[in-house]
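The structure under discussion appears below in the form of structure tokens.
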Amino acid sequence: MQKPFFIRNPSVMIFVALLAAFTIGVTILSQGFGIDVISTSMVKTLGKTLCLCLIALAMDLVWGYTGILSLGHFAFFGLGGYMVGMWLMYERTKAIVVNSLAEAPLPPTPNEIREGIGTQIFGVVGGAEIPPIWVFADSLTMQLALVVLIPGILAFVFGWLAFRSRVTGVYLSILTQAMTLALALYLFQNDSGLRGNNGLSGLQNIPGAEGVPQSELSVYFLWASALALGLGYVLAAWIVGGKFGSVIRGIRDDEARVRFLGYHVESYKLFIFTVTAIIAAIAGALYYPQAGIINPAEMAPIASIYLAVWVAIGGRGRLYGAVIGAGFVSLVSTWFTGGQAPDIPLGFYTVKWVDWWLVLLGLSFVLVTLFAPKGIGGLFDLISGRIAPNRHGADLGPGMGSLREQEAEK
Amino acid sequence: MTKLILIGLRAALFWMMTALVALAQTPIQDLLQTYQTEVAKPSRKSIDTVVDALIASGLPETRQVLFKWQNKDLFQRNEDGLFFFAEDAGNDSYRLIDIATGQSVGEYDRKAVTQLKPNAGVRGVIANALVQFQLTDPDPIKRARGLQAIERNAEPSHLKALRASIDGEDDPTLLARKQRLERILTISYDTDSAARVAAIESFSTDLGVDARAALNPLLATTRKAAPGLPQGQNVAKTLKPGSDDLSRSAAYDLLVEARLAPPLVPLSEQKAALIANIENGQVGGIKLRQLDNDAARARAYATLAGQGLAPPTVTEADIDAALARHVFYDLYTEPDSAVTDAAEKALTSIKTRVGLNQALDLALDGLSLASIYFLAAIGLAITFGVMGVINMAHGEFIMMGAYTGYVVQQFIPNYTVSIIVALPLAFAVTFAAGVAMERLVIRWLYNRPLETLLATFGISIALQQIAKNIFGTQARPLTSPGWLDGALVLNDVVSISYIRIAIFGLSLIFLVLLLFVLNKTRLGLETRAVTQNPRMAASMGINPDKVNMLTFGLGSGIAGIAGVAIGLYAKVTSELGADYIVQSFMTVVVGGVGNIWGTLLGATMIGFLQKGIEWLNPSNTLAAQTYMIIFIIIFIQFRPKGIIALKGRAAGD
């Protein structure tokens, strides 16, 4: 008789409890529902951070647990954002167009409404036609389905192609990076049908919720993001907790051995790759209505590398590590780049953090990789007393973590 | 009445007198006096007759007269209306000089003579006429300038002058130019059909832009619609409405334009008519709020039209009937069908040749892009390919090299010297940076390739930001020496800039150098040994640490030199390297890891591919890159180990 899931995974319970406490705390302090200590923009930042934590969770599953360093998950994130953004922008523009046409002497025909929407949305890229990919844009259900389907199918096809030809390790990383670059470059074109480098904007206005002030909307989105993160965490913990989790950890540590044991490695990888792509897309679909704008620059390969940075700083191979990393780095990054961090006068030169933050991040990243491969999450091992055996050498990390030094050296 | 007759008589008498006076003069003066008023007060209207008459006279003084006239140096003596050249004699007076003899005819007060001041338009006409005199000028530079003027702005009158000047031409280059220009002018301005056809045919193998510029206007067409095909006109082709060349709506528009059919009533006008006829909340018997679809609006409009309140719409059947009643055709502007046929044939043959040459040009472009990719990737081929180390900061080493070149130019103003200094200096700087990075970071991570990727990425963003802090975000120029400016022009279609040739040469040098270093030197031997099996190499007395350090330094140093080369033709910014990093990795992966030849093949393939895709879709380089990356992803499916895959034990895993 197995013990219930939550008893076996106390960390999941702790995490969910902390998340709930955090959400309730922010709600109480928020402008919309509470005592107005936290501004609406701060609530949005926190909500966005929760979404980033969710995609970091996905990254941890695919990289920390399965050993696939995907540099493309931010592309899925962005695609999710685009899918939901299309509905937001279309419906909102439609409301505006119908409103303005209501003043006209004749009631508008469906064609006139479509033309009006087309001009409003695509005038900026010199078009008035609504491209075919917007065919479902007037249906929230369809677009929400596309949030899951489009990135899911893309990840499935790409993963299937890549894994079946046994592209592994750094080659896979470079290939995923190329995919991200291709997607970003494609979206940068004006005739991609998604407004080129203007991207989609005005996403913070939710059609049908015009009466709800942003201060309340932001809290709703915070709740939704927290719920998604909580569910994502439980799902991830469930995936890695069972036999499946053991297999993917095995793949990470020595793919060939797992294959020789009779497991179909490619299917496991493909499953994880696709599932994490979908999680990333859902995170993106929640993120961009809070950010208000999405453009292809967000999907540049560098964003995906940052994602890996967060997970590495937070600690790979443990779910809470990814969440901590994403939350910590993105909030600190907001603090430094927002100009809130105090400048350091050195007498001959003043260190302005807006300019030097990236240098600090880059170097601290090198230091974490070199000296603390476990990341921030490693600190919890000190508390729980789970110290790895002293192997008289550097910790070899999850990539070769299960091997002893002598074995790893071949 | 008598007074008027008197005035008339006096005027006639005066004219006869002046004519008599003129008759006593030199032929040129006679001629000028014939057109006395037109010369004295020239206008755009009258000037052509005067200039034509002067040129037709063939008098030797014509050229000088026109020249002086244009430069406001022609004077008229008030007392008898004769024209003279003049020079300033001081004391507010001019010394008048006879046009034909060049003799002074005495000094006259400023008030006794009138300086002729033709306006700008007139001067332009005179200048154009003067061009033909330039063609026979003894000074070859002036002749060349005259030719250039005609090439730029030809006129029918030039053709005769040009033909006349060919015989006397002794400069072979100018002669060739004149003959070519003569043929081109023949195409445009000759009246003899056979001569034109001959001239057109002579250009059928010519790639010159000027030839195409002369031929293309001959084939200009206007699209027309008529009840029947016109006779005796040069029709290019008849068109069928609804075909690809002529859509139905375009055909109907032609009919409307030619007033052969009633105009369509556009939806916007129908809507305006509906709005104008709103009565008691309904239009044409239909309630307003029911007019929210096109069918209801059409019905309402039909009712209005029936009541005569709006022009009737044209139905599809009407359109079909109108289209069937008429023919549509393209009519050549050029009336001579022999000429247009010849021009068509010549242009087709030219197009084929131009296409071939464009392919050659494209190949050259692809080659130069390939050499740039090769330069950018070859350093990576060593660190990634040979050592298996992912260096995401490779792009930033390229950037460091480019900035080194920029800094050197700040201190050494001579561009040639500064480039010569910058190349080894860039190598030194990035070699040092590479060695430092290898010692401090990478050597700890040889067992963790994925983490090398992340750590070097950290270094990459740090270096990029530092460069931004030092040099700012704006692009810095890295100027190439003067002898690298310009391009090698093979013909009007194919040309390649010297700087690209230099980069091509540089990449060739590096290919040979690296092959030599890796295959023929001690360092290359040790590198290959350490790559294959570090423990065995160490047992043989090779110090793997040192070899790794030097190899990494070498790869980084080459990136620095590539940076100088790339900086010469692209602007130097802190993102310079980041633009190349993905392509560089692609090049190495596609070519096959661990092989210099593979990198060469990979760069060639990617360079040609990108240029090829850009040629298919020239307006959109972004799409070209997208398609190229997709192609590479698919390519990797079929050759996961690249074009040249290592086999056997050397392949590792």
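Just so you know, the sequences run in chain order A and B.
Position one of the first sequence corresponds to residue 130 (the working numbering), numbered consecutively onward.
Position one of the second sequence corresponds to residue 24 (the working numbering), numbered consecutively onward.
For every residue, glycine included, the Cβ atom is placed at its ideal position computed from N, Cα and C.
None of these values were measured; they are calculated from a predicted model.
- The DSSP assignment places complete alpha helix (DSSP H) segments of no fewer than 4 residues inside the segment 291-341 of chain B at 317-329, in order along the chain.
- Under the three-state reduction of DSSP output, A:Pro430 falls in the helix class.
- For A:Phe162, no alpha helix (DSSP H) segment is defined, and its DSSP state is neither H nor E.
- A:Val438 reaches chain B at Leu477, Phe480, Gly481, counting residues in chain order whose Cβ is nearer than 8 Å.
- The DSSP assignment places no complete run of the beta strand (DSSP E) inside the segment 268-327 of chain A (cut-off: 3 residues).
- Excluding its 5 nearest sequence neighbours in each direction, A:Asp267 has C-beta neighbours in its own chain below 8 Å: Trp216, Tyr219, Glu220, Lys223, listed in chain order.
- Residue environment analysis places B:Asn114 among the exposed positions, since fewer than 16 neighbouring C-beta atoms fall within 10 angstroms of its C-beta.
- Shown here, A:Leu511 sits in a helix according to DSSP, grouped into three states.
- Contact between B:Val464 and A:Leu499 holds: their C-beta atoms lie close to 7 Å from each other, under 8 Å.
- Chain-ordered, the chain A residues with CB closer than 7 Å to the CB of B:Val605 read Gln306, Ala307, Leu310, Pro430.
- Listed along chain A, the residues sitting closer than 7 Å to B:Asp315 by beta-carbon distance are Pro236, Pro237, Thr238.
- Short of 7 Å from the beta carbon of A:Arg378, and not among the five residues preceding or following it, lie these beta carbons of its own chain, in chain order: Tyr194.
- Taking 4 residues as the minimum length, the alpha helix (DSSP H) runs contained wholly in the segment 607-664 of chain B are 619-639, 644-661, in order along the chain.
- The beta carbon of B:Ile435 sits closer than 7 Å to those of Ser441, Val444, all from its chain and outside the five residues before and after it, given in chain order.
- When C-alpha distances from A:Ala410 are compared across A:Gly176, A:Leu275, A:Gly209, the shortest belongs to A:Gly209.
- B:Leu230 sits in coil when the DSSP states are folded into three classes, being neither helix nor strand.
- A check of alpha carbon separations from B:Tyr521 across B:Asp508, B:Ile589, B:Ala646, B:Asp162 identifies B:Asp508 as the nearest.
- A direct Cα-Cα distance of roughly 8 Å separates A:Arg295 from B:Pro663.
- Within chain A, the residues Pro236 have their CB atoms less than 7 Å from the CB of B:Arg312, given in chain order.
- At a cut-off of 7 Å between beta-carbon atoms, A:Ala441 makes contact with chain B.
- DSSP places B:Ala249 in the uninterrupted beta strand (DSSP E) bounded by 244-249.
- The secondary-structure analysis by DSSP pairs B:Leu262 across a beta bridge with B:Phe351.
- Between B:Thr479 and B:Ala416, the beta carbon gap of about 5 Å places them in contact (Cβ cut-off 8 Å).
- Residues of the segment 639-654 of chain B with a C-beta atom less than 7 Å from some C-beta of chain A are Asn643, Leu645, Ala646, Gln648, Thr649, Ile652, Ile653, listed in chain order.
- At a C-beta separation below 8 Å, B:Pro663 has these neighbours in chain A: Ser294, Arg295, Val296, Tyr300.
- Against chain A, the CB of B:Asn556 has no partner CB under 7 Å away; the residue lies outside that interface.
- For B:Val412, the secondary structure class from DSSP, reduced to helix, strand or coil, is coil.
- DSSP places B:Val595 within a strand segment (E or B) once states are collapsed to three.
- For B:Trp467, the closest Cβ of chain A is nearer than 7 Å.
- Residue state for A:Phe265 is assigned as coil, using DSSP reduced to three classes.
- Taking all protein chains shown into account, B:Gln555 has fewer than 16 neighbouring C-beta atoms within 10 Å of its C-beta and is therefore exposed.
- For B:Val431, the closest C-alpha among the options B:Lys140, B:Val587, B:Asp75, B:Val611 is that of B:Val587.
- Look at B:Asn492: its C-beta is under 7 Å from a C-beta on chain A.
- Only exposed fits A:Phe389, as fewer than 16 other CB atoms lie within 10 angstroms of its CB.
- As DSSP reads the structure, B:Tyr131 sits in a beta bridge with B:Tyr117.
- Judged by their CB atoms, B:Leu119 and B:Val128 are nearer to each other than the 7 Å cut-off.
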